[in-house]
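To keep things clear, I will list the structure first and then write my remarks on it.
Residue numbers (the working numbering), protein chains in the order written: chain A, 1 to 396; chain B, 1001 to 1105.
Pasting the structure below:
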């Protein structure tokens, strides 16, 4: 039976989540140097387009087809075979496309590790492999009936599937592709901070669709997810801004990064925790991710736009936070502070396995693509900038 | 009195500027410019065809200074702006007829 209210709500949420992909592009595009702005935004949109096709051909089936050994979905929905316009609450076709926009966004987040130096052709090949071998299995584990959901791991809107996978994936990708020329020796000035703020604001807006829509129904849990999403973002923004203020200037870049850290951390928890917990989750996310960024810079790692620090570390914290703060009165499961430490152990296991799997498999995929077609542009192209070298366009 | 005008790689500006400050040369004017040199820009080999990017972004530094400091300044700029590859830039030295402050006499 199709519910018209739920269907209307999820159609709108799907469109809101789609807007997050160009949001990531703008967020990243403002932070790179002015010779790479266009390519950074374009990479996000390319990621979305590539995954859109992959998803309807076979990606959806690998994630949501009949379970094979708890690890991956079967091939029953290849080419959307059997994905109809009827369904339970919402049409199966709508569920498919709601999941599609998540998959596209995740690959866009990962472009952080490739910033300003990836070959477009290699990125497309990498993107198809990555979504197939990393994203699809992780989505299956959490939402498609795989081992994590059988175990009782909670991931409401994709803290593990979207954020741990892309964050640790970006780190592995950055290690393979190597630092940008001059990294650590030259100042790399962000091209346009207003662009980053606009992208961050679009992310914040789209995240309401991302988290509230993950309830897949227009009901009270969706409303709870909406509110805790906003509160965690606000708490994260203020916490990171405060920490950066303490060290010097408050920094608008820090403020918007903190908001995203809070959004990442509340993602797995949105349907399970109350508003007071969201404040704590957001504050800790802001401080923790800021610390992770400082650590990354100190270690001289060029994971250029901090997908690892914000999505990877924030996602890991979110998975644990879900096990600490979840309450039966909201999502039906009690966490550590309500006397159920077992849930935290399950969350920890799920997050560690996802982290290890995403990092190792991404590392291998990036290595294979690098050794075969080469991930990186040559030195002259990088010097001139990927806007001109890869897209034949220029901002200035 | 001389003017030293140096066209250098933009990514070396911070290094050059810090070294000049350390050498006691505070005043300078900086302009973002574009141009090409003897190599006619940078030629990129691109899937069989060649794309020439001929106007490369550079930074122009202008410093007006007493005759005796020219060699020192040129030395500092060359030491800090040099990478050894094509496109490191050029330095020009001009005679200056007069130098007047807008505020002070």
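Built from N, CA and C at the ideal position, the CB exists for glycine as well.
Residue i versus residue j - alpha carbon distance
i, j, result
"residue 56 of chain A", "residue 81 of chain A", "9 Å"
"residue 306 of chain A", "residue 84 of chain A", "39 Å"
"residue 1073 of chain B", "residue 1016 of chain B", "10 Å"
"residue 239 of chain A", "residue 263 of chain A", "13 Å"
"residue 185 of chain A", "residue 58 of chain A", "44 Å"
"residue 155 of chain A", "residue 144 of chain A", "12 Å"
"residue 1042 of chain B", "residue 256 of chain A", "37 Å"
"residue 233 of chain A", "residue 19 of chain A", "18 Å"
"residue 1095 of chain B", "residue 1006 of chain B", "15 Å"
"residue 380 of chain A", "residue 1044 of chain B", "7 Å"
"residue 415 of chain A", "residue 282 of chain A", "A question about residue 415 of chain A goes unanswered here, because the residues of chain A that appear run from 1 up to 396."
"residue 91 of chain A", "residue 1 of chain A", "9 Å"
"residue 142 of chain A", "residue 210 of chain A", "16 Å"
"residue 175 of chain A", "residue 366 of chain A", "9 Å"
"residue 170 of chain A", "residue 75 of chain A", "28 Å"
"residue 96 of chain A", "residue 64 of chain A", "9 Å"
"residue 1065 of chain B", "residue 369 of chain A", "54 Å"
Three-state secondary structure (DSSP) of residue i
i, result
"residue 276 of chain A", "helix"
"residue 1094 of chain B", "strand"
"residue 393 of chain A", "coil"
"residue 378 of chain A", "coil"
"residue 307 of chain A", "helix"
"residue 69 of chain A", "coil"
"residue 79 of chain A", "helix"
"residue 156 of chain A", "coil"
"residue 371 of chain A", "helix"
"residue 22 of chain A", "helix"
"residue 385 of chain A", "coil"
"residue 458 of chain A", "The first residue shown for chain A is 1 and the last is 396, placing residue 458 of chain A beyond what the model contains."
"residue 118 of chain A", "strand"
"residue 90 of chain A", "coil"
"residue 1043 of chain B", "strand"
Range covered by the beta strand (DSSP E) that runs through residue i
i, result
"residue 1035 of chain B", "1029 to 1035"
"residue 1004 of chain B", "1002 to 1008"
"residue 190 of chain A", "Looking at the DSSP string, residue 190 of chain A is not in any beta strand (DSSP E), and its letter there is neither H nor E."
"residue 137 of chain A", "No beta strand (DSSP E) holds residue 137 of chain A; the alpha helix (DSSP H) holding it covers 136 to 143."
Integer Cβ distance of residue i from residue j, believed to fall under 8 Å
i, j, result
"residue 14 of chain A", "residue 98 of chain A", "5 Å"
"residue 410 of chain A", "residue 269 of chain A", "Because chain A is modelled from 1 through 396, residue 410 of chain A falls outside the range shown and cannot be assessed."
"residue 124 of chain A", "residue 387 of chain A", "Actually they do not touch by this definition, with Cβ atoms about 18 Å apart."
"residue 152 of chain A", "residue 346 of chain A", "6 Å"
"residue 137 of chain A", "residue 71 of chain A", "6 Å"
"residue 102 of chain A", "residue 46 of chain A", "About 17 Å separates the two Cβ atoms, so there is no contact after all."
Element boundaries [alpha helix (DSSP H), containing residue i]
i, result
"residue 1022 of chain B", "1013 to 1022"
"residue 1064 of chain B", "First-last for residue 1064 of chain B: 1056 to 1065, but that is the beta strand (DSSP E), not the alpha helix (DSSP H)."
"residue 148 of chain A", "147 to 151"
Check: residue i C-beta below 7 Å from any heavy atom of the ligand FAD
i, result
"residue 1087 of chain B", "Ligands in the displayed structure: none, and consequently the ligand FAD is not present."
Anything in the segment 1004 to 1031 of chain B with a Cβ closer than 7 Å to a Cβ of chain A? List those residues in chain order, please.
-> 1011, 1014
Quick one, which residues of the segment 1046 to 1066 of chain B are near chain A if we go by CB-CB under 8 Å, in chain order?
-> 1046, 1051, 1053, 1056, 1057
Check distances from the C-beta atoms of the segment 278 to 307 of chain A to those of chain B and list, in chain order, the residues that come in under 9 Å.
-> none
Please name the residues in the segment 186 to 211 of chain A whose beta-carbon is closer than 7 Å to at least one beta-carbon of chain B, in chain order.
-> 186, 187
Taking any Cβ of chain B, which residues in the segment 29 to 49 of chain A have a Cβ under 7 Å from it, in chain order?
-> none
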